[in-house]
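First comes the structure, then the notes that go with it.
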Amino acid sequence: MIMFKFKHPFGSQLVLLLLILVISACSDSTKTVSGVPEAIQVAEKYKVAELESSELNDITLELITEKQEFMQPLTTEIFFNRSVATRNFYHGYQLALIKESEVHVSNLEFTERNVAETQIELNYTGTLSLAEETLDLKGTIYLLKEADEWKVNNDVYNTEVIMNIFDENMLKHDERP
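With our numbering applied, the sequence shown corresponds to residues 35 to 211, in that order.
Here's what the structure looks like:
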C-alpha cells in the first residue's frame, strides 16, 4: 500500500476535494449525452418517414396530410413549416411516382457529431432503394430538445442524388413531342 505524507495539514482534504470534483465532472458529462439514444430514435423515425413510400399512381391531398401529421411531432415548428413549404417531406412520394416502385430506406447508421444537453448533431449514412436502383445517403441531422423531447430542427444531406432523378424525369418530359 502506498502512503502519502502531506506537510500541509489540509493536504489530504485537498486531494480528496480534487478527486470529488473530478468524479462529479465525469458524472455530469454522462448526463449530457444520456439523450443520444433517444435522439437517434427520433432521427431514424424521421428519416424513414421522410423518404419511404409505397408504389403510387398519384400524390393525393390525403397522402400529404397524413405525412404532415406524422412528421409534425418529430420536428420543430420552424423546420416543419420550412419543409412543408419546400416540399421536402414529399421526396419519397415523388421518387415512387417517377420510378413506379416502392422506396425504402435501409442501413441507417448514426454517429454523434456534437452533443450538448439541449441539442445534438448526428452524422448519418444509409441506403435509399427504388426500382432497380440504390442511392447512398449521407448527411447530418440537427436535433433540439423541446419540452423534454428531441425534435429534428434541420436535415442536411446529399439531396443532389434525388434531385438528379427529378431533373432526368423533367428532361424526359421536355423531350416528348
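For glycine and all other residues, C-beta sits at the position ideal for the given N, C-alpha and C.
Minimum C-alpha distance to residue i - residue among the options
| i | options | result |
| --- | --- | --- |
| residue 170 | 186, 138, 151 | 138 |
| residue 143 | 101, 172, 201, 106 | 172 |
| residue 118 | 201, 132, 99 | 99 |
| residue 194 | 102, 115, 125, 93 | 125 |
| residue 104 | 147, 152, 82 | 82 |
| residue 74 | 145, 97, 92 | 145 |
Simplified DSSP assignment, three categories, for residue i
| i | result |
| --- | --- |
| residue 95 | helix |
| residue 69 | coil |
| residue 64 | Residue placement at residue 64 is flagged as unreliable, the pLDDT there being 38, under the threshold of 50; the coordinate-derived value follows with that caveat. Reduced to three states, the DSSP call for residue 64 is helix. |
| residue 51 | Because the pLDDT of residue 51 is 42, which lies under 50, any placement of that residue in the model is unreliable, and the number read from its coordinates should be weighed accordingly. Looking at residue 51 - three-state DSSP - the assignment turns out to be helix. |
| residue 110 | coil |
| residue 204 | helix |
| residue 193 | coil |
| residue 121 | coil |
| residue 129 | helix |
| residue 151 | coil |
| residue 85 | helix |
| residue 136 | coil |
Beta carbon of residue i nearer than 8 Å to that of residue j
| i | j | result |
| --- | --- | --- |
| residue 149 | residue 76 | no |
| residue 154 | residue 177 | yes |
| residue 183 | residue 110 | no |
| residue 157 | residue 174 | yes |
| residue 185 | residue 108 | yes |
| residue 221 | residue 84 | This structure leaves residue 221 out entirely; the chain is present only between 35 and 211. |
| residue 87 | residue 136 | yes |
| residue 113 | residue 188 | yes |
| residue 120 | residue 140 | no |
Close-in-space but distant-in-sequence residues of the same chain around residue i (CB under 7 Å, 5 per side omitted)
| i | result |
| --- | --- |
| residue 199 | 129, 132 |
| residue 90 | 127, 130, 131 |
| residue 72 | 184 |
| residue 147 | 155, 156, 157, 174 |
Cβ shell of residue i (< 6 Å), same chain only, five flanking positions each side left out
| i | result |
| --- | --- |
| residue 192 | 172 |
| residue 190 | 173, 174 |
| residue 80 | 108, 186 |
| residue 164 | 129, 133, 135, 137 |
Close Cβ partners of residue i (< 8 Å) along its chain, the five nearest in sequence each way excluded
| i | result |
| --- | --- |
| residue 92 | 131 |
Which residue spans inside the region 157 to 194 form an unbroken beta strand (DSSP E) run of at least 3?
-> 167 to 180, 183 to 191
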